[in-house]
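Asks: This is the structure I want to talk about, given as structure tokens.
Numbering (this note's numbering), first residue to last: 5 to 301.
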């Protein structure tokens, strides 16, 4: 009887997963057609499309939690390392290098351009550091829920919030690149969407493994990427107001992403002792994003 119940539950979860994939596909088509009808400035529309692709990548990554409850830690850590590599390459080749070029196009000398980008990187990293301290200082009662619900350890919630928070600079990066008319904006959006897939999966699996229902874990994992199109459009609009905001905006996004990778993603990928796998994943992700930036840029 227990085996029969388990089989029925597995079939139900598979139906949920398949239905969710169909729903996401239908939603993506609906959004694509809806964006075509919007009378938006081309750069704003490009930013919205890029942000939507990133959000879709996160949602797709959360789908497998409806079928599997746990993922081997070695695989999870490798995927985190892969995401870190993609973000590092995106920071270097899609944000810092174009930012220096944009500053030089404004008439700044190479030294002044590097100084401006360095200032922006430090400012972006410091800003996200303050956000991280604010989140880390939240009281445990706000993070674990009430006594009649599964208690999720504060460390789990903090990790989830950290990933959601670092979706903000990813959305910023997409928006600044699109708003500034950067030629590699599409490759940047695709690269971020690619590394968002394991992030959505990790969020959903972590929450499910801590006792949350699979459906709720999926919904939170899928929704975690919705901040990206919002900040993509906002930053694209801001960059369109003044040319000087383009190199500074790229540098701010680079600094925020650099802090997230070094402060959150890489340490989490090594927390379970799979250092070599995490490093291998990082190298693969870095090379893949570099190739995408070259081929699509």
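Here a beta-carbon is modelled for each residue, glycine too, at the ideal position from N, C-alpha and C.
This one's a predicted model, so the numbers in the text were calculated from it and none came from an experiment.
Put residue 190 into one of helix, strand or coil per three-state DSSP.
Replies: Here residue 190 is taken as the residue at index 186 of the chain shown, counted from 1. Note: residue 190 maps to helix in three-state DSSP.
Asks: Among residues of its own chain, excluding the 5 on either side of residue 282, which ones have a beta-carbon nearer than 6 Å to its beta-carbon?
Replies: Your numbering for residue 282 matches position 278 in the chain shown. So the list reads 81, 85, 273, 274, once near-sequence residues are dropped.
Asks: When the Cα atoms are used, what is the spatial distance from residue 115 to residue 196?
Replies: Here the question's residue 115 lines up with position 111 in the chain shown. Here the question's residue 196 lines up with position 192 in the chain shown. Their Cα atoms are separated by approximately 30 Å.
Asks: Going by DSSP in three states, residue 227 sits in which element: helix, strand or coil?
Replies: Here residue 227 refers to the residue found at position 223 of the chain shown. In the structure shown, residue 227 sits in a helix (DSSP, three-state: H, G or I).
Asks: According to the Cβ coordinates, are residue 54 and residue 255 closer than 9 Å?
Replies: Here residue 54 is taken as the residue at index 50 of the chain shown, counted from 1. Here residue 255 is taken as the residue at index 251 of the chain shown, counted from 1. Cβ distance not < 9 Å, so residue 54 and residue 255 don't count as in contact.
Asks: Excluding the five sequence neighbours on either side, which residues of its own chain have a C-beta within less than 8 Å of the C-beta of residue 297, listed in chain order?
Replies: One-based indexing of the chain shown puts residue 297 at position 293. Closer than 8 Å at Cβ, skipping near neighbours: 93, 94, 97, 98, 188, 191, 192, 195.
Asks: Please report the distance separating the alpha-carbon of residue 247 from that of residue 294.
Replies: Here residue 247 refers to the residue found at position 243 of the chain shown. Here residue 294 refers to the residue found at position 290 of the chain shown. Answer to the nearest angstrom: the Cα atoms are 26 Å apart.
Asks: Roughly how many angstroms separate the alpha carbons of residue 47 and residue 70, rounded to a whole number?
Replies: Locating residue 47 in the chain shown gives position 43, where the first residue counts as 1. Locating residue 70 in the chain shown gives position 66, where the first residue counts as 1. When rounded, the distance between both Cα atoms is 37 Å.
Asks: For the segment 171–187 against the segment 222–237, are there 3 or more C-beta pairs whose distance is under 8 Å?
Replies: The segment 171–187 is in contact with the segment 222–237.
Asks: Residues in the same chain with beta-carbon distance under 6 Å from residue 103, minus the five sequence neighbours each way, listed in chain order, please.
Replies: Here residue 103 is taken as the residue at index 99 of the chain shown, counted from 1. So the list reads 121, 251, 254, 255, once near-sequence residues are dropped.
Asks: Could you spell out where the alpha helix (DSSP H) holding residue 101 opens and where it closes?
Replies: For this step, residue 101 is matched to residue 97 along the chain shown. Note, residue 101: alpha helix (DSSP H), 101–109.
Asks: On a Cα-Cα basis, can you pick out the residue from 211, 241, 203 that is closest to residue 61?
Replies: As a position in the chain shown, residue 61 is number 57, starting the count at 1. Cα-wise, what sits closest to residue 61 is 203.
Asks: Would you decide whether residue 143 is buried or exposed? Buried here means 16 or more other CB atoms lie within 10 Å of its CB.
Replies: The residue you call residue 143 lines up with position 139 of the chain shown. Only weak support exists for where residue 143 lies, its pLDDT of 49 falling under 50; the coordinates are left without a value.
Asks: What's the C-alpha gap between residue 118 and residue 127?
Replies: Taking the chain shown and counting its residues from 1, one reaches residue 118 at position 114. Taking the chain shown and counting its residues from 1, one reaches residue 127 at position 123. Roughly 14 Å separates the two Cα atoms.
Asks: Identify, in the order they occur along the chain, each residue of the same chain with its Cβ nearer than 7 Å to the Cβ of residue 226, setting aside the five sequence neighbours on each side.
Replies: Walking along the chain shown from the start, residue 226 turns up at place 222. Answer for residue 226: 62, 63, 66, 204, listed in chain order.
Asks: When you compare only the Cα positions, how much space is there between residue 285 and residue 87?
Replies: For this step, residue 285 is matched to residue 281 along the chain shown. For this step, residue 87 is matched to residue 83 along the chain shown. About 8 Å.
Asks: If you follow the alpha helix (DSSP H) that residue 50 is in, where does it begin and where does it stop?
Replies: Numbered from its first residue, the chain shown carries residue 50 at position 46. Run containing residue 50: 46–66, per the alpha helix (DSSP H) assignment.
Asks: To the nearest angstrom, how far is it from the Cα of residue 185 to the Cα of residue 239?
Replies: Residue mapping note: residue 185 aligns to position 181 of the chain shown, counting from 1. Residue mapping note: residue 239 aligns to position 235 of the chain shown, counting from 1. Distance between the alpha carbons of residue 185 and residue 239 is about 13 Å.
Asks: Given residue 249, which residues of its chain have a CB within under 7 Å of its CB, disregarding the five upstream and five downstream residues?
Replies: Taking the first residue of the chain shown as position 1, residue 249 is located at position 245. Cβ within range, chain order: 242, 243.
Asks: Please classify residue 268: is it buried, with 16 or more other beta-carbons within 10 angstroms of its beta-carbon, or exposed?
Replies: Mapped onto the chain shown, residue 268 falls at position 264. By the neighbour-count rule (16 or more Cβ atoms within 10 Å), residue 268 is buried.
Asks: Taking 8 Å as the cut-off, does the CB of residue 250 come closer than this to any heavy atom belonging to the ligand NAD?
Replies: Summarising the ligand content, the structure contains no ligands, and the ligand NAD is consequently not present.
Asks: Taking the C-alpha atoms as reference points, what is the distance between residue 199 and residue 106?
Replies: Here residue 199 is taken as the residue at index 195 of the chain shown, counted from 1. Here residue 106 is taken as the residue at index 102 of the chain shown, counted from 1. Spanning the two alpha carbons is a distance of roughly 26 Å.
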